[in-house]
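In the working numbering, the protein residues as written are 0 to 384.
All C-beta atoms, glycine included, are put in the ideal place defined by N, C-alpha and C.
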Ligand SMILES: *[C@@H]1O[C@H](CO)[C@@H](O)[C@H](O)[C@H]1NC(C)=O
Ligand SMILES: *[C@@H]1O[C@H](CO)[C@@H](O)[C@H](O)[C@H]1NC(C)=O
Ligand SMILES: *[C@@H]1O[C@H](CO)[C@@H](O)[C@H](O)[C@H]1NC(C)=O
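Below, the structure is given as structure tokens:
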């Protein structure tokens with residue numbers, strides 16, 4: 000009796016063990032499966048499997064409209080009749096993916112390339128393969144890349160980058176047919192802006208460049224006054240400089256900002272002449288820390304409380320306003336439907352591939368009629384005219 004009880008215990012113990020073992024094995028299989036090319040999420044999260052296929056290569060649009068998205072649920076209120084590609088850098092959202100594919104919109108992964116991942120050949124290969132597997136496992140349609148470090152031309156890093164440059168497009172096009180591979184580049188290819196690369200080579204190694212036509216003149220020396228974020232002349236001259244390098248204009252997408260900058264004035268000489276603090280450290284340098292970026296939805300809340308109302312600078316084709324806090328003047332430069340519409344006309348003028356916004360989440364998607372009108376007007380301004 001006691002013996003059989005002991006036996007039963009042993010048997011029970013064994014069963015528990017084999018159950019545990021089975022679980023471990025199952026986990027191991029999943030883990031290996033996840034590491035292999037098959038990927039974790041082989042199950043389609045959408046209502047029909049069709050929505051998990053990436054958009055085919057022949058799905059091309061006359062005008063590309065990119066929207067960068069930082070996550071959350073704002074995408075539900077985007078104008079899906081306009082968007083052609085969403086660059087997602089928030090948490091992966093299956094619902095967004097299914098909704099985008101149902102609207103024939105691509106969703107691409109955003110990736111930042113760090114110098115330490117490029118210097119070693121093996122690391123380079125692993126990095127891009129991992130990104131491709133991640134994109135594929137999430138049923139995405141490509142990758143949008145950005146290089147952060149600035150480096151002199153001819154440096155070890157710069158050479159490594161150039162020799163690797165064709166890999167992302169080769170791997171993505173092979174493994175995810177029809178996928179889109181793009182690079183973000185500064186508003187001008189001029190080295191003074193900071194990032195010195197062979198931009199023609201970059202353009203040749205991807206589907207198109209997203210030109211970040213904003214944060215213009217952030218580092219300029221001397222003559223310290225608040226400035227527009229994306230002045231018209233520089234926007235067009237920066238894009239033209241890319242074309243002058245021999246880059247096909249159909250490989251350029253112009254980026255527009257849905258945000259502005261709030262400057263703290265040392266002196267406000269007159270509207271549009273908000274003087275900033277200057278550092279005298281070797282060279283006189285403007286203290287741009289006296290400015291902070293501000294999303295369009297916050298600008299729309301603040302503008303009615305300004306002391307100036309909306310002013311328009313016709314030289315730069317940009318709006319601004321002045322407000323006062325703690326006895327100090329602030330000048331806010333931003334972009335609105337008028338300035339963005341004017342920039343949209345550059346698309347036809349230079350025969351660009353499209354337009355893109357940084358970022359979709361910067362508009363107010365509440366149901367308030369005033370906010371809804373302001374938000375609708377911003378989307379409308381992306382129309383090519
Ligand atoms: C959106 O607009 C409404 C109405 O103007 C305002 O009450 C609300 O605070 C705004 N939300 C954001 C996040 O700016
Ligand atoms: C912008 O360019 C136009 C045409 O070249 C010129 O007339 C105008 O003065 C420029 N504006 C600024 C602010 O540089
Ligand atoms: C105004 O001054 C107070 C006290 O120095 C400070 O806490 C606050 O941040 C200031 N407000 C702005 C908008 O600079």
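Beta strand (DSSP E) segment containing residue i, residue limits
i: residue 272; result: 272-274
i: residue 143; result: 141-146
i: residue 254; result: 251-256
i: residue 222; result: Taken as a continuous stretch (DSSP letters only), residue 222 belongs to no beta strand (DSSP E), as it is neither H nor E.
i: residue 265; result: Careful: residue 265 lies outside any beta strand (DSSP E) and carries neither H nor E.
i: residue 116; result: Premise fails: residue 116 is in no beta strand (DSSP E) and is neither H nor E.
i: residue 185; result: 179-185
i: residue 210; result: 207-211
i: residue 279; result: 277-280
Backbone CA spacing between residue i and residue j [nearest angstrom]
i: residue 260; j: residue 46; result: 42 Å
i: residue 55; j: residue 315; result: 41 Å
i: residue 273; j: residue 127; result: 46 Å
i: residue 320; j: residue 313; result: 14 Å
i: residue 97; j: residue 275; result: 48 Å
i: residue 66; j: residue 227; result: 22 Å
i: residue 351; j: residue 195; result: 23 Å
i: residue 70; j: residue 139; result: 15 Å
i: residue 299; j: residue 334; result: 11 Å
i: residue 94; j: residue 343; result: 30 Å
i: residue 141; j: residue 99; result: 14 Å
i: residue 310; j: residue 318; result: 6 Å
i: residue 216; j: residue 363; result: 28 Å
i: residue 173; j: residue 296; result: 41 Å
i: residue 284; j: residue 301; result: 29 Å
i: residue 322; j: residue 369; result: 22 Å
i: residue 167; j: residue 181; result: 9 Å
i: residue 269; j: residue 229; result: 21 Å
i: residue 324; j: residue 339; result: 29 Å
i: residue 205; j: residue 49; result: 27 Å
i: residue 357; j: residue 82; result: 13 Å
i: residue 79; j: residue 125; result: 35 Å
i: residue 373; j: residue 102; result: 24 Å
i: residue 109; j: residue 383; result: 25 Å
i: residue 132; j: residue 171; result: 9 Å
i: residue 157; j: residue 165; result: 14 Å
i: residue 160; j: residue 345; result: 31 Å
i: residue 222; j: residue 214; result: 17 Å
i: residue 381; j: residue 354; result: 7 Å
i: residue 371; j: residue 76; result: 10 Å
i: residue 277; j: residue 146; result: 30 Å
Residue i: CB within 7 Å of a non-hydrogen atom of ligand 1
i: residue 325; result: no
i: residue 75; result: no
i: residue 296; result: yes
i: residue 300; result: yes
i: residue 369; result: yes
i: residue 363; result: yes
Anticipated Cβ contact below 8 Å, residue i with residue j, distance rounded
i: residue 327; j: residue 289; result: That pair is no contact at about 10 Å.
i: residue 292; j: residue 377; result: Going by Cβ atoms, the distance from residue 292 to residue 377 rounds to 17 Å, so no, they are not a contact pair.
i: residue 203; j: residue 143; result: That pair is no contact at about 17 Å.
i: residue 137; j: residue 186; result: The Cβ separation is near 31 Å, so there is no contact.
i: residue 267; j: residue 253; result: Actually they do not touch by this definition, with Cβ atoms about 32 Å apart.
i: residue 385; j: residue 175; result: Nothing about residue 385 can be read from this structure; the chain reaches only from 0 to 384.
i: residue 92; j: residue 359; result: With 8 Å as the limit, residue 92 and residue 359 do not qualify as a contact, their Cβ atoms being about 13 Å apart.
i: residue 199; j: residue 245; result: 5 Å
i: residue 104; j: residue 87; result: So it is not a contact: roughly 11 Å between Cβ atoms.
i: residue 207; j: residue 265; result: With 8 Å as the limit, residue 207 and residue 265 do not qualify as a contact, their Cβ atoms being about 42 Å apart.
Residue i: CB within 7 Å of a non-hydrogen atom of ligand 2
i: residue 232; result: yes
i: residue 315; result: yes
First and last residue of the uninterrupted alpha helix (DSSP H) at residue i
i: residue 237; result: 231-243
i: residue 167; result: 166-174
i: residue 361; result: From DSSP, residue 361 is part of no alpha helix (DSSP H); its letter is neither H nor E.
i: residue 160; result: 155-163
i: residue 368; result: 368-379
i: residue 132; result: 120-136
i: residue 203; result: 198-203
Near ligand 5: residue i beta-carbon under 7 Å from a heavy atom
i: residue 186; result: Absence of ligand 5 from the depicted structure is noted, with ligand 1, ligand 2 and ligand 3 being the only ligands included.
Inset, instruction - Ignoring anything shorter than 4 residues or poking outside the segment 33-106, list the alpha helix (DSSP H) runs there in chain order. - result: 93-101
Legend entry - Minimum length 3: unbroken beta strand (DSSP E) runs contained in the segment 294-356: 310-312, 317-324, 327-332
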